[in-house]
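Visitor: Mind looking over this structure? Questions follow.
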Amino acid sequence: MSTPSPGRPFSNTDEVARREHFIPRAVISDEVMKAWTRLPVELQQRVWTGLQKLCLREIQRPPPSTAESVRMVKALKAFRSRSVRQKEDLDSLKKSNDLAACEPPLVAEFLLNLFARSNRDEFEVGDIRERFTRNSVQREPSRAAWLYWSDVLGYLLRYAFKAAPLIAMIKRLFGNLM
Amino acid sequence: MDISTLEQQVLMAALALHPSGYGISIQDHIRRRANREPSIGSIYAALGRLEEKGYITTRPGEPTPERGGRRKLYVTVTASGQATLQESLRAISSLKRGMRWREAFRLIEVVA
Numbered sequence: 005m006s007t008p009s010p011g012r013p014f015s016n017t018d019e020v021a022r023r024e025h026f027i028p029r030a031v032i033s034d035e036v037m038k039a040w041t042r043l044p045v046e047l048q049q050r051v052w053t054g055l056q057k058l059c060l061r062e063i064q065r066p067p068p069s070t071a072e073s074v075r076m077v078k079a080l081k082a083f084r085s086r087s088v089r090q091k092e093d094l095d096s097l098k099k100s101n102d103l104a105a106c107e108p109p110l111v112a113e114f115l116l117n118l119f120a121r122s123n124r125d126e127f128e129v130g131d132i133r134e135r136f137t138r139n140s141v142q143r144e145p146s147r148a149a150w151l152y153w154s155d156v157l158g159y160l161l162r163y164a165f166k167a168a169p170l171i172a173m174i175k176r177l178f179g180n181l182m
Numbered sequence: 027m028d029i030s031t032l033e034q035q036v037l038m039a040a041l042a043l044h045p046s047g048y049g050i051s052i053q054d055h056i057r058r059r060a061n062r063e064p065s066i067g068s069i070y071a072a073l074g075r076l077e078e079k080g081y082i083t084t085r086p087g088e089p090t091p092e093r094g095g096r097r098k099l100y101v102t103v104t105a106s107g108q109a110t111l112q113e114s115l116r117a118i119s120s121l122k123r124g125m126r127w128r129e130a131f132r133l134i135e136v137v138a
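These protein sequence lines map, in sequence, to chains U and G.
Counting in the numbering used here, the first sequence runs from 5 upward without gaps.
Counting in the numbering used here, the second sequence runs from 27 upward without gaps.
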């Protein structure tokens, strides 16, 4: 490689110099050229020598082996999955904080727990609570509380209807005895 | 065996949401697709009936904080449930083919 003249180290228009020094045309903008010409000559020479060494090292460096490529890809994937996991953890923490902030109306909750006794009821009560949690995030707290109350009353009414045949039977029995 | 419209919709929602269909998700699915919002209670009643008939099986899930530490009840449609649903849908489409739409509309206009 020939050392360029200090005043004019490389040029956009000089195709030979571009090829000789492996400098792509698009990289050298006019601003860079202006900045380069304003530098002192000694500094220009030092920078140019450093650049040449860097280019030579890049050219002479062997390409990565297959094992090294696989290792690099694995490391990248691990980094990506770690960052995704960290984001998920953060989201779940935020969500749990939000969830802890919203509590259903106490009386409704008490009534629900009072009547929900069987295993089957646990799932339904859980659904009512989940609906409340969603509503309290999406709507106003008062609206969510109203909806929760309506769900609870619906559940209790259904409970009453379920208990109705039993109550009728007891009444019939006691009526006959009396 | 016959199934009601709600049971039909619950079965279809459970099939669409398989394997993570449970009460709330089934309700949401029906609301989005059928533009109808059945209550949680009616969905659980339908699920109970379907389970009694052997059209679905249920399994409990993990407790979550948003449910106040209560578990979900996941629903799976059995083979007989799928066969019944298909039969029911086939009957509806067969009935639909037999409809005389023009005459029905004319009748509606006359009544109105």
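Glycine included, C-beta positions come from ideal geometry on N, C-alpha and C.
1) Would you call Glu-33 of chain G buried or exposed, if buried means 16 or more other Cβ atoms sit within 10 Å of its Cβ?
2) If I follow the unbroken alpha helix (DSSP H) through Tyr-70 of chain G, where does it start and stop?
3) Does Ala-40 of chain G have its Cβ less than 9 Å from a Cβ in chain U?
4) Three or more C-beta pairs under 8 Å: does that hold for the segment 54-63 of chain G against the segment 79-89 of chain U?
5) When you compare the CB positions of Leu-37 of chain G and Leu-111 of chain G, do they come within less than 9 Å of one another, or not?
6) Quick check: the segment 86-100 of chain G against the segment 114-133 of chain U, are at least 3 beta-carbon pairs closer than 8 Å?
7) Check each residue of the segment 121-150 of chain U: if its Cβ is closer than 7 Å to any Cβ of chain G, include it; give the result in chain order.
8) Report, in whole angstroms, the separation of the C-beta atoms of Glu-107 of chain U and Ile-50 of chain G, which I expect to be a contact under 8 Å.
9) Look up Leu-99 of chain G in the DSSP assignment and give the residues it is bridged to.
10) Give me the subset of the segment 60-89 of chain G whose CB atoms are less than 7 Å from a CB atom of chain U, sorted by chain position.
11) What residues in the segment 89-100 of chain G bring their beta carbon closer than 7 Å to a beta carbon of chain U?
12) If you draw a straight line from the alpha carbon of Val-103 of chain G to that of Ala-40 of chain G, how long is it in whole angstroms?
13) Taking only beta-carbon positions, decide if Ile-56 of chain G is within less than 9 Å of chain U.
Guide: Concretely, from the data shown:
1) Glu-33 of chain G is buried by the Cβ-count criterion.
2) From DSSP, the alpha helix (DSSP H) with Tyr-70 of chain G extends over 66-79.
3) Not flagged as an interface residue toward chain U: Ala-40 of chain G, since no C-beta distance is shorter than 9 Å.
4) Output reads no: the segment 79-89 of chain U does not touch the segment 54-63 of chain G.
5) Result yes, Cβ atoms of Leu-37 of chain G and Leu-111 of chain G sit closer than 9 Å.
6) In short, these stretches touch, since the Cβ pair count reaches three.
7) The segment 121-150 of chain U vs chain G, Cβ under 7 Å: Glu-126, Phe-127, Glu-128, Val-129, Gly-130, Asp-131, Ile-132, Arg-133, Glu-134, Arg-135 and Thr-137.
8) The distance from the Cβ of Glu-107 of chain U to that of Ile-50 of chain G is about 19 Å, inconsistent with a contact at the 8 Å cut-off.
9) Among the bridge pairs identified by DSSP, Leu-99 of chain G is matched with G:Pro-86.
10) For the segment 60-89 of chain G, the set of residues with a beta-carbon nearer than 7 Å to any beta-carbon of chain U comprises Ser-65, Ile-66, Gly-67 and Tyr-70, in chain order.
11) Cβ contacts with chain U come from Pro-91, Glu-92, Arg-93, Gly-94, Arg-96, Arg-97, Lys-98 and Leu-99.
12) Their backbone Cα atoms lie some 7 Å apart in a straight line.
13) Answer no: the Cβ-Cβ gap between Ile-56 of chain G and chain U never drops below 9 Å.
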